[in-house]
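Number of protein chains: 2
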Amino acid sequence: MTVGRRRGAELEEAILRAAAEELRASGYAGMTMDKVARRAGTNKNAIYRRWPQRAALGVAAYKYVADARTPTVDTGSLRGDALELLRQANATWSSPHGAVLRDLLAAAADEPALLELLREQAGGGALSAAWFTLLGRAVARGEAPPEAVQPRVAALPMTVLRGEYALRGVPAVPDEVLVEIVDEIYLPLIRGRGLPCPKPQPAG
Amino acid sequence: MTVGRRRGAELEEAILRAAAEELRASGYAGMTMDKVARRAGTNKNAIYRRWPQRAALGVAAYKYVADARTPTVDTGSLRGDALELLRQANATWSSPHGAVLRDLLAAAADEPALLELLREQAGGGALSAAWFTLLGRAVARGEAPPEAVQPRVAALPMTVLRGEYALRGVPAVPDEVLVEIVDEIYLPLIRGRGLPCPKPQPAG
DNA sequence: CCTGATACGGTACGCCCAGTACCTTGAGGA
DNA sequence: TCCTCAAGGTACTGGGCGTACCGTATCAGG
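Heads up: the sequence lines are chains A and B, in that order. Residue numbering for the first sequence follows UniProt numbering, starting at 1 and increasing by one per position. Residue numbering for the second sequence follows UniProt numbering, starting at 1 and increasing by one per position.
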């Protein structure tokens, strides 16, 4: 009746796919080991043989669907680039895919090892690199002072966007907020860093 | 043996105290209803008669210990005020008290009602008000341009600090980072917003 | 083709915890 | 005093994580 007993990579694929589907359908909280096993047409043993804990499976399932595409933009202006990158990030986090990631982050609060992995995905590596190159290009064009190229400054819009997520309940920040972040915060900050700027109150 | 059967407010106090102690001892995940009941010298019924769910008890216990002190600072300069407020926030979030709050936030990801309450505590109301008055004073002193008085701008240092928490595993951000946030981001931003600033590249 | 080793499948556990039901017992008010 | 209501005690359902055990299919090697 069955097409034979699956083993190794094939079974692993099936489990990951099932876990990913469960994540999408019920969120991380609803991703039960039994349900994953049933959906994958196997049982919990096969899962626990590969991942020691539910959280580990969750992370694996997330990485399975997360195509680690490095965001790239080049609109020709700092403003355009920043806005585009923000929009991409906003779209990503607003998708069900982003919801899963947020659930996972919340649920893994007591699993240091998993937090590490997730943190990377959530905006550690590739993303901050994108902001760096973006700023670098702006400097080359003379749009930004070299002093502005600095980790905390470069990726500030993403930080503010995350803050916006924290304030509102759920993502999907309206586009005008993204524009505001760029025009009222990022660009003025870059400008402000360009000034040798005598303090307005040179007291002291 | 016992001092008699406790009722009403007295019992409620005891439960809240016990729940708070459990939170401190084992985090939210370890705050079991049975354990709270046992520690309070009562049983789960008395708890469920007052709070319908575990999460509700968690929030109540948190609010029980959280003395909602409104932070106030006035060092005489924008830089000093901002730094002081950041230091206070950092101290708060680094304390076990802050750890409980973070646990709670993570655990309540699927309880919209609780999220609301927590969000308020986490920096919604009183805190952003403090940043507003701080900036207002700076404007009055001529240290900052009036255009800078804007929600997202005013509380930006807190947003960046939260971002720092997200990147590192656990709070307790070193003091020099707080200084950097103020000197490299907040102050330059305020400065930059003061300029009518012709765009460096007026293309278009 | 036969024989192991390995891993899959099935099932049944143990444990813990949330939340509920039911009854007994004490305390305070009328 | 008696009555009511809440507190205490205990047991139970339901469900989820993680484990154990055992039969069985697949694969590798001779």
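Glycine included, each C-beta is placed from N, C-alpha and C at the ideal position. Just so you know, these numbers come straight off a predicted model, no measurement behind them.
| query | result |
| --- | --- |
| List the residues of chain A that B/Arg152 touches, going by C-beta distances under 9 Å, in chain order. | Val160, Gly163, Glu164, Val177, Glu180, Ile181, Glu184 and Ile185 |
| Any Cβ of chain A within less than 7 Å of the Cβ of B/Pro188? | yes |
| Relative to the C-alpha of B/Arg87, which residue among B/Leu167, B/Pro157 and B/Ala18 is closest? | B/Pro157 |
| Near A/Val182, which residues of its chain fall below 8 Å by C-beta distance, leaving aside the five closest residues on each side in sequence? | Arg79, Ala82, Leu83, Leu86 and Pro157 |
| What number of angstroms, rounded off, separates the C-alpha of B/Cys197 from the C-alpha of B/Met31? | For B/Cys197, the predicted model reports a pLDDT of 44, less than 50, meaning its position is unreliable; a value from the coordinates is still stated below. Using only the alpha carbons, I get a separation of about 55 Å. |
| What does A/Leu57 touch in chain B if you count any residue whose Cβ is under 7 Å from its own? | Per Cβ cutoff of 7 Å: no residues; A/Leu57 is ~19 Å from chain B at best. |
| Ignore the nearest five residues each way along the sequence and tell me which others in B/Pro96's own chain have a CB closer than 7 Å to its CB. | Arg24 |
| Report the option in B/Gly98, B/Val59 and B/Ile15 whose CA atom is closest to the CA atom of B/Arg38. | B/Ile15 |
| Applying the 10 Å Cβ sphere with the 16-neighbour rule, what's the burial state of A/Pro151? | exposed |
| Between which two residues does the alpha helix (DSSP H) holding A/Val36 run? | Met33 to Ala40 |
| Comparing C-alpha positions only, which one of B/Arg54, B/Gly76, B/Leu167 and B/Leu101 sits nearest to B/Val139? | B/Gly76 |
| What separation, rounded to the nearest whole angstrom, lies between the Cα atoms of B/Val36 and B/Ala60? | 13 Å |
| Taking B/Ser26 as part of the alpha helix (DSSP H), name the residues at either end of that continuous run. | Gly8 to Ser26 |
| Assuming B/Tyr165 and B/Trp93 form a contact by the criterion Cβ under 8 Å, report the distance between their Cβ atoms to the nearest whole angstrom. | 7 Å |
| Could you give the residue range of the alpha helix (DSSP H) that holds A/Gln88? | Leu78 to Ser94 |
| Indicate the three-state DSSP secondary structure (helix, strand or coil) for A/Ala129 in the structure shown. | helix |
| Within the same chain, show all residues whose beta-carbon is closer than 8 Å to that of B/Met1, passing over the 5 residues directly before and after it, in chain order. | Annotation note: pLDDT 43 at B/Met1 (below 50); position unreliable, coordinate value reported separately. Cβ within range, chain order: n/a, list empty. |
| Quick one: what does DSSP say A/Arg141 is sitting in, helix, strand or coil? | helix |
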